[in-house]
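Report on one structure; see the data block that follows.
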Amino acid sequence: MHRHRNCGFTLIELLYTLIVLAILGSIGLPDFSNLIERNRNQSLRDQLIAQLKHARSMAVLHDQRIEICGSSDGRTCDDAWQSGWLIDSPKDGIIDSQHRIENREKLNWTGAASRIIFLGNGTLLKGNGRFYICRRDGSVELQLVISRQGRIRKVEGLESSQNAGTHCR
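Given below as structure tokens:
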């Protein structure tokens, strides 16, 4: 009589395999969360660049002032850039565009004025400024520098002349 040999895994072997996979997975997850955070910050940067370029184009196209300001409620300007922003043309009093930020306390603005105002020639009404896009740990991940001429420059992290300071408070 021939004896059949089972070609499977025992319960103990499966448990060991699951334990090893769980340990490897827990080691890899923190790096994965950093990747997700970086992608979200880059997406925020890209959306902000698109909105700034759109506002500047509208100002030049219609030869009028276009304001961009921080807004916590999506209806009024209150300098709460970490909550979102509005694009408005003061002539008609109608909000042209708004954007809400899902991940709060990630975006800070420092500039010559609390609002960005593009003139009809594409320049800023008041001097230049910077947006700081921050990590959860409070460090600067990305920056957008807006020159007086209305041009936008991207910066990764801090520039050599900057110190960590309080950009992401």
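Each residue of the sequence shown is one higher than the one before, counting from 1 in UniProt numbering. Here a beta-carbon is modelled for each residue, glycine too, at the ideal position from N, C-alpha and C.
Length-filtered (3 minimum) beta strand (DSSP E) runs lying within the UniProt domain "General secretion pathway GspH" (46-150):
Within the UniProt domain "General secretion pathway GspH" (46-150), the runs of beta strand (DSSP E) at least 3 residues long that lie entirely inside it are, in chain order, 66-70, 84-88, 95-100, 107-111, 116-118, 129-134, 140-146.
Is the beta carbon of residue 84 closer than 8 angstroms to that of residue 118?
By 1-based counting over the sequence shown, the position of residue 118 is 118. By 1-based counting over the sequence shown, the position of residue 84 is 84. It is not a contact, given that the beta carbons lie outside the stated cut-off.
Under three-state DSSP, which class holds residue 40?
Here residue 40 corresponds to residue number 40 of the sequence shown, with the count starting at 1. It is helical.
Identify the residues that DSSP records as bridge partners of residue 155: which are they?
Taking the first residue of the sequence shown as 1, we reach residue 155 at position 155. DSSP output for residue 155 lists 143 as bridge partner(s).
What do you get for residue 168, buried or exposed, if any count of 16 or more other CB atoms within 10 angstroms of its CB means buried?
For the purposes of this step, residue 168 is identified with residue 168 of the sequence shown, where counting begins at 1. Around the CB of residue 168, 16 or more other CB atoms lie within 10 Å, so the residue is classed as buried.
One question on the structure: do residue 145 and residue 153 come within less than 8 angstroms of each other, judged by their Cβ atoms?
The residue you call residue 145 lines up with position 145 of the sequence shown. The residue you call residue 153 lines up with position 153 of the sequence shown. The beta carbons of residue 145 and residue 153 sit closer together than 8 angstroms.
Can you find the residues in the same chain that come closer than 7 angstroms, C-beta to C-beta, to residue 122, ignoring five residues on each side of it along the sequence?
Here the question's residue 122 lines up with position 122 in the sequence shown. These residues qualify, in order along the chain: 56, 59, 60, 150.
Look at residue 79 and residue 114 and say whether their C-beta atoms are less than 8 angstroms apart.
As a first step, residue 79 is located in the sequence shown; it is residue number 79 there, counting from the start. As a first step, residue 114 is located in the sequence shown; it is residue number 114 there, counting from the start. A distance below 8 angstroms separates the beta carbons of residue 79 and residue 114.
Between the alpha carbons of residue 16 and residue 27, how many angstroms are there, rounded?
Taking the sequence shown and counting its residues from 1, the one referred to as residue 16 is at position 16. Taking the sequence shown and counting its residues from 1, the one referred to as residue 27 is at position 27. Rounded to whole angstroms, residue 16 and residue 27 show a C-alpha spacing of 17 angstroms.
Please state whether DSSP places residue 25 in a helix, a strand or coil.
As a position in the sequence shown, residue 25 is number 25, starting the count at 1. Under the three-state reduction of DSSP, residue 25 is assigned to helix.
Measure the alpha-carbon distance for residue 5 versus residue 18 and round it to whole angstroms.
As a first step, residue 5 must be located in the sequence shown, where it is residue number 5. As a first step, residue 18 must be located in the sequence shown, where it is residue number 18. In this model, residue 5 and residue 18 are separated by some 25 angstroms (Cα to Cα).
Inter-residue Cα distance where the pair is residue 98 and residue 161
Taking the first residue of the sequence shown as position 1, residue 98 is located at position 98. Taking the first residue of the sequence shown as position 1, residue 161 is located at position 161. Going by the C-alpha atoms only, they are around 33 angstroms apart.
Taking buried to mean at least 16 other C-beta atoms within 10 Å of its own C-beta, is residue 66 buried or exposed?
Within the sequence shown, residue 66 is the residue found at index 66, counting from 1. Under this definition residue 66 is a buried residue.
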